[in-house]
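Data first, discussion second: the structure below is written as structure tokens.
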Amino acid sequence: MAATAYGPKFAQLLSHYVSCKENNSNGIAHSADVAVDLEQSLAALKGLENDGEEQDDEEDADTYRGLLEASVKSYVDLANEIHAQKTILEDMRRRLMDGEAIEDGDLVGHFEHEFERAKQQWANKSEQEKYHVDEAYVEFKQKTWEQRYPNRPFSLTTEGGSPDHDDEEEGLAIISQHESLKCPLTQMIYEDPVTSQVCKHSYSSKAITQHIRMSQRTEPHGRAECPVAGCKHYVALIDLKHNKKLARAAARRRAQAENEEEEDEEEYTFMD
Numbered sequence: 001m002a003a004t005a006y007g008p009k010f011a012q013l014l015s016h017y018v019s020c021k022e023n024n025s026n027g028i029a030h031s032a033d034v035a036v037d038l039e040q041s042l043a044a045l046k047g048l049e050n051d052g053e054e055q056d057d058e059e060d061a062d063t064y065r066g067l068l069e070a071s072v073k074s075y076v077d078l079a080n081e082i083h084a085q086k087t088i089l090e091d092m093r094r095r096l097m098d099g100e101a102i103e104d105g106d107l108v109g110h111f112e113h114e115f116e117r118a119k120q121q122w123a124n125k126s127e128q129e130k131y132h133v134d135e136a137y138v139e140f141k142q143k144t145w146e147q148r149y150p151n152r153p154f155s156l157t158t159e160g161g162s163p164d165h166d167d168e169e170e171g172l173a174i175i176s177q178h179e180s181l182k183c184p185l186t187q188m189i190y191e192d193p194v195t196s197q198v199c200k201h202s203y204s205s206k207a208i209t210q211h212i213r214m215s216q217r218t219e220p221h222g223r224a225e226c227p228v229a230g231c232k233h234y235v236a237l238i239d240l241k242h243n244k245k246l247a248r249a250a251a252r253r254r255a256q257a258e259n260e261e262e263e264d265e266e267e268y269t270f271m272d
């Protein structure tokens, strides 16, 4: 098949992922609405029943809470699969249109192999790595928390531990203090940082994408050596995930640098 023929065929496949993603997001939103309704109903019933009835209602509510949370987690799992499939297809389309051969023409086999690899990487993650960094899941938990504990600061852990938003602020401070926040490729502050799920190193999205694509001329598996000195791992586009915490830390560092430059300019003007 001519290289140009792959464009419309893959475009048609990729177009289906838009509706898949929308349906998945709607499912999470619906689960969140049901969870909020549940908490509001329980709050309205409190004080109207005796202690025994309230205890029974709370036990039933815990069962439904567990079912709703499991539902949201399954949607997050599905969102990861959708993202993985879309990334694989986009990479295949680009490579084929560039005239590159993939797995001796076995496109289905290549897709299945890469997808299984992506699913295994997801399965190897902890619960916290999967869900506590997912915006939709965190929003679901926050909405239900606000209904259940209206006068307490939000936390992803209801028993012990400190609130996750405090942990995040502390994490941003640690990042700012102990990391250069510079991309190993550009040696500049991260722009749209992404992190490899294999070696956990981070890079500016555009820079690492170009690095991988340049390496694909000699590397047959659509991957490149990690550019961090001493790292022996390889990185592929499918391994990269946007790192929003690192992006916020980089934005803070960039704003801080701009403020320092303005102060230096004001001081220089005053001295004149």
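Numbering (full-length UniProt numbering), first residue to last: 1 to 272.
Positions of the beta carbon are idealized from the N, C-alpha and C atoms, including for glycine.
Predicted model only: the values in this text are computed from it and were never measured.
query, result
"Status (buried if at least 16 other CB within 10 Å, exposed otherwise) for residue 64", "exposed"
"Beta carbon of residue 154 nearer than 8 Å to that of residue 32", "no"
"Identity of the residue in 190, 184 and 212 nearest residue 238 by Cα", "212"
"Contacts around residue 6, its chain only, beta-carbon distance under 7 Å, and the 5 residues preceding and following it disregarded", "93, 96 and 97"
"Candidates 143, 9 and 202, of which the one nearest residue 188 by Cα", "202"
"Run of the alpha helix (DSSP H) containing residue 119, from where it starts to where it stops", "107-123"
"Between the CA atoms of residue 184 and residue 231 - distance to the nearest angstrom", "12 Å"
"Where the alpha helix (DSSP H) through residue 17 begins and ends", "6-45"
"8 Å Cβ cutoff met for residue 116 and residue 109", "no"
"Reference residue 206, options 195, 20 and 120, closest by Cα", "195"
"Helix, strand or coil at residue 253 [DSSP, three-state]", "helix"
"Spatially closest choice to residue 75 from 12, 149 and 137, by CA coordinates", "137"
"Collapsed DSSP secondary structure at residue 189 in the structure displayed", "strand"
"Alpha carbon of residue 84 to alpha carbon of residue 223, nearest angstrom", "15 Å"
"With 16 other Cβ atoms within 10 Å as the buried cut-off, status of residue 67", "exposed"
"Residue 200 versus residue 81 - alpha carbon distance", "20 Å"
"Residue closest to residue 197, alpha-carbon to alpha-carbon, out of 217, 45, 119 and 260", "119"
"CB-CB length for residue 255 against residue 192, believed under 8 Å", "Their Cβ separation, rounded to whole angstroms, is 16 Å, which puts residue 255 and residue 192 out of contact at 8 Å."
"Beta-carbon contacts of residue 39 that lie in its chain and below 7 Å, excluding the five residues immediately before and after", "144, 147 and 148"
"Same chain, Cβ closer than 7 Å to residue 20, neighbours up to 5 away in sequence not counted", "82"
"Through-space distance from residue 243 to residue 260, alpha-carbon basis", "26 Å"
"Range of the contiguous alpha helix (DSSP H) that encloses residue 138", "135-148"
"Whole-angstrom distance between residue 62 and residue 172, CA atom to CA atom", "Note that residue 172 has pLDDT 42, beneath the 50 cutoff, so the model's placement of it is unreliable and no number is given."
"Inter-residue Cα distance where the pair is residue 36 and residue 217", "52 Å"
"Secondary structure of residue 242, DSSP reduced to three states", "strand"
"Exposure label - residue 249; buried when at least 16 CB within 10 Å", "buried"
"Residue 228, DSSP secondary structure in three states", "coil"
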